[in-house]
Amino acid sequence: MESPQALPRWALDLARFLPLKSQFLLSGNVRDRYPWAIANERYAPLPLTSFLAELLRSRGIAHVLAFDPLNGFSVPLVSGIDIAAEQKFFSDRFDLRWNDNLHSPASVARFFELFPDFVRSEPEPIAVLADFSSRYLVRPDLQTDDEHHWFTASLILSLDVAARPCGPDASTLFNPIVWIADQEGDLPPWFAVGNPRLRPITLPVPDRTTRGLIAKSLIPGIPGARQASEEQIAAAERSLVEQTHGLMLLDMISITELCRNEEVPIDRLDDGVRRFKLGVTENPWAKLDREKIANADSFVARRLKGQDHAVTKMLDIIKRSVIGLSGNEGRSGRPRGVAFLAGPTGTGKTELAKTVTELLFGDESAYIRFDMSEFAAEHSDQRLIGAPPGYVGYDSGGELTNAIREKPFSVVLFDEIEKAHPRILDKFLQVLDDGVLTSGRGERVYFSEAFLIFTSNLGLYRIDDRGKRVANATPADDLQSMQAKVRGEIDRFFKLEIGRPEILNRIGENIVVFDFIREDVAAEIFEMMLAGISRQVENATGRPIDIEDSARRSLQELCLADLSNGGRGVRNQLEAHFINPLARALFDAPESPAIIVRRIDHRDGLTTVELA
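Mapped onto full-length UniProt numbering, the consecutive letters of the sequence shown carry residue numbers 1 to 612.
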C-alpha cells in the first residue's frame with residue numbers, strides 16, 4: 001500500500017473525502033503522469049486513471065471502471081489485478097461487452113444511462129472514472145436537452161445516494177464518480193458549483209518532491225548511468241529536478257528519452273534539458289571565443305568612451321553568463337545574464353548593448369530591441385506575449401515570445417523600461433526568476449539562454465516637496481555620489497511609486513550606473529565621430545578630406561558647448577555644424593582632387609564650411 005507521505009497533496013485530499021463525498025471533479029494538470037511506489041523506493045509514472053485506480057483500491061474500493069468518449073469503458077491497469085475477472089464482474093453487473101482491445105465501446109449517452117446503476121451498485125464499492133468529461137458537452141453554458149437531463153440526473157443522484165459500511169473495518173464509502181476535466185468550468189456551473197456532495201480538486205504541476213520521486217527511476221536509463229558513481233547519480237537526479245521546475249512529469253520522461261535517442265551522457269544532462277526546452281542541438285554559449293571575451297576591454301573601449309566602470313561590471317556579468325554561473329541556488333533556468341543600465345541620456349547605454357551583442361554573436365544588429373514607451377497602456381502586454389484565446393491577434397502570438405522562440409540565444413534590449421505600464425513589468429517577474437514566460441496561447445517560452453538588458457533614465461530627476469520635477473544628479477556630482485543618487489531614486493521608483501520592489505530584488509546588484517559625459521570624454525567622442533564622418537565622406541566622394549586645425553577647433557567648440565545630451569548630442573551637433581554645411585559646400589563647389597576644410601563659421605544661427 002502506498003505510503004501516505006509520498007502521495008501528492010491533491011491525492012491525499014481525494015482519499016480523505018472518499019467517505020464524505022459521492023463525486024469528485026479533477027481539473028488542471030490531468031494529462032500528466034503520477035508517481036506510484038513499486039519497490040525499493042522506486043516509483044512508476046502512471047497515467048491518471050491507473051494512478052486513481054491504485055489509490056482507490058488501496059482505500060477500500062473493490063472495483064474501478066474508466067470511461068472516455070472514444071474507447072468507451074475499460075478497466076484501468078493496476079498491479080496485481082486480474083483483468084479477465086474484472087471484466088467478467090462488470091459484464092455480469094452492467095451488461096458490458098469487451099472487444100479484443102480490452103474495451104467495451106459505448107457512447108456518452110450510454111454512460112449516463114448506466115450512471116444510476118453505478119452509484120447504487122452493492123455490496124462491493126465501485127468507482128467510475130469519467131475521463132475527458134470536458135468533451136461530454138458541446139457548450140457548458142448552453143447544453144442541449146439531453147445534456148441538461150444527463151447532468152441534472154447526476155446532480156440529483158449525488159445528493160440522494162448514501163455512504164454505507166464497507167470492508168472489515170466497517171468504514172463507510174460511496175460509489176464515487178470521478179469527473180476528469182481540463183478545467184472546472186468545462187462542466188455546467190450549476191452542477192459543479194455549490195454541490196455539497198461534489199469535491200472539486202485541482203491538480204497542479206508536480207512540485208520538487210514529486211519530481212524527485214520520478215527522477216530516481218528515470219536517471220538509470222540515461223547513457224553512462226551504469227558506469228557512474230553514486231555521487232554522479234545523485235548529482236544528476238538533483239540537476240534533473242532543478243532544471244524541470246514548472247514542467248510535467250511527462251516532460252521529464254521525454255527529456256530522458258531524448259538523452260537516450262541522441263546519446264546525451266549523464267554528465268551532460270543539462271544539454272539534454274536545453275535541447276528539449278529550446279528545440280536546438282547546438283549551444284552557442286559553449287562556442288564563444290573565451291579569449292576574445294577575456295580581452296574584451298579594448299574591444300568595448302573603441303566604441304564606448306568614459307564609462308570604464310560600467311564596462312568592467314558589464315563584462316563581469318558576461319563572463320559569469322558564459323561560465324554558466326547565472327543560476328540562483330542551483331536553479332539554472334534563469335536567463336544567462338541580466339543587466340540594468342541606468343544613467344543620463346546619450347552616455348552609451350544602447351551602444352553598450354550593441355557592443356555586447358557583437359562581442360557575443362559577431363553582429364551588433366542581432367539583438368532584439370523593444371522600445372518600452374510603446375507599452376505604456378495597461379493592456380499592451382498582449383503585444384508582448386500574445387492575446388488570450390478568443391481575442392483579436394490570438395493566432396499571431398506575441399512579439400517577445402515569438403522572438404525568443406525563434407532566437408533563444410540572443411541579447412534582448414528593453415529600452416526605457418520605466419515608461420512601461422506596471423502590469424507589463426509584472427511579466428518580467430517570472431522571466432527573471434524562472435527564465436520562462438507563458439504566452440497568450442498557453443505555451444511556455446524559455447529565456448534560459450537569453451541575455452536581458454534593461455535601460456533607464458531613472459534617477460536623473462526627482463519630485464521635490466512642492467511636487468516639481470527637479471534635477472537629482474548633475475555633472476557637478478562626482479561619480480560615486482551620482483551613482484548613489486541614481487540608485488536611491490531607482491529604489492524609490494520601484495518600491496514606492498509603482499509598488500514593485502520584487503522586480504528590483506530580482507535584478508539584484510546588476511544595476512550599472514553610467515557617468516555623465518564630461519569634457520575630456522566628450523573630446524574623445526568628438527574625435528572618434530569626426531574620424532568616422534571623414535571616412536564616410538571619403539567613401540562617398542572618392543576624395544580624401546583634410547580639416548585644418550583652426551577649423552577643427554572651431555567645430556569642437558560648437559559641438560561641445562552643451563553636453564546635456566551626452567554623446568548623442570555631440571553627434572547631433574556634428575550633423576548640424578559639419579555634415580550639413582559640408583554637403584552644401586560640396587554641392588556648390590567645383591570638383592577638386594581633395595577636400596580641404598579651411599574654416600568653419602557660425603553666425604546668425606547658420607554654420608558655413610569654407611573649402612580651400
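The beta carbon of each residue, even a glycine, is placed where N, CA and C say it ideally should be.
Local Cβ density within 10 Å of residue i, reported as buried at 16 or more and exposed below that
i           : result
residue 328 : Because residue 328 sits at a pLDDT of 46, beneath the cut-off of 50, its placement in the model cannot be relied upon, and the following sentence gives the value as read from the coordinates. Exposed.
residue 592 : exposed
residue 188 : buried
residue 474 : exposed
residue 140 : buried
residue 403 : buried
residue 323 : exposed
residue 123 : exposed
residue 549 : exposed
residue 379 : exposed
residue 472 : buried
residue 522 : buried
residue 625 : This structure gives no information on residue 625, because the portion of the chain shown stretches from 1 to 612.
residue 144 : exposed
residue 496 : exposed
residue 310 : buried
residue 289 : exposed
residue 483 : buried
residue 59  : buried
residue 589 : exposed
residue 342 : buried
residue 467 : exposed
Of the residues the options, the one placed nearest residue i, counting alpha carbons only
i           : options            : result
residue 421 : 447, 377, 464, 403 : 377
residue 174 : 137, 464, 126      : 126
residue 398 : 365, 438, 433, 418 : 438
residue 294 : 317, 37, 280       : 317
residue 27  : 205, 410, 594      : 205
residue 180 : 273, 47, 552       : 47
residue 74  : 566, 49, 61        : 49
residue 513 : 479, 527, 161      : 479
residue 547 : 368, 477, 506, 600 : 600
residue 610 : 504, 306, 77, 552  : 552
residue 360 : 78, 333, 319, 121  : 319
residue 78  : 566, 97, 53        : 53
Assumed close pair residue i, residue j - CB separation to whole angstroms, cut-off 8 Å
i           : j           : result
residue 357 : residue 300 : No, residue 357 and residue 300 are not in contact; Cβ-Cβ is about 12 Å, not under 8 Å.
residue 260 : residue 222 : 7 Å
residue 64  : residue 129 : 7 Å
residue 224 : residue 255 : Residue 224 to residue 255, Cβ: 15 Å. No contact.
residue 45  : residue 233 : About 19 Å; that fails the 8 Å criterion.
residue 8   : residue 210 : 6 Å
residue 446 : residue 277 : 5 Å
residue 67  : residue 146 : Not confirmed; about 17 Å, so no contact.
residue 433 : residue 506 : 6 Å
residue 344 : residue 566 : 6 Å
Sequence-distant residues of its chain with Cβ nearer than 7 Å to residue i (five each side left out)
i           : result
residue 158 : 22, 23, 195, 197, 198
residue 331 : Residue placement at residue 331 cannot be trusted, given a pLDDT of 49 that sits under 50; what the coordinates show is reported in the next sentence. Result list for residue 331: 242, 245, in chain order.
residue 365 : none
residue 135 : 69
residue 51  : 34, 36
residue 280 : 408
Nonlocal neighbours in the same chain, by C-beta distance under 6 Å from residue i, ignoring five residues either side
i           : result
residue 105 : 72
residue 191 : 151, 155
residue 453 : 339, 353, 413
residue 587 : none
residue 371 : 415
residue 607 : 577, 581
residue 42  : 217
Cβ-Cβ distance between residue i and residue j below 8 Å
i           : j           : result
residue 615 : residue 582 : Residue coverage of the chain in this structure runs from 1 to 612, which leaves residue 615 outside it and unanswerable.
residue 613 : residue 347 : With the chain covering only 1 through 612, there is no way to say anything about residue 613.
residue 275 : residue 258 : yes
residue 184 : residue 25  : yes
residue 585 : residue 596 : no
residue 431 : residue 444 : no
residue 458 : residue 489 : yes
residue 285 : residue 418 : no
residue 440 : residue 382 : yes
residue 10  : residue 250 : no
Neighbourhood of residue i by C-beta, 8 Å cutoff - its chain only, sequence neighbours within 5 removed
i           : result
residue 5   : Residue placement at residue 5 is flagged as unreliable, the pLDDT there being 47, under the threshold of 50; the coordinate-derived value follows with that caveat. For residue 5, where only same-chain residues beyond five positions count, there are no Cβ hits under 8 Å.
residue 539 : none
residue 312 : 297
residue 118 : 65, 94, 126, 128, 175, 177
residue 384 : 370, 375, 398, 399, 400, 401, 424, 427
Closer than 8 Å to chain C by CB, residue i
i          : result
residue 21 : This model lacks chain C altogether; it includes just one protein chain.
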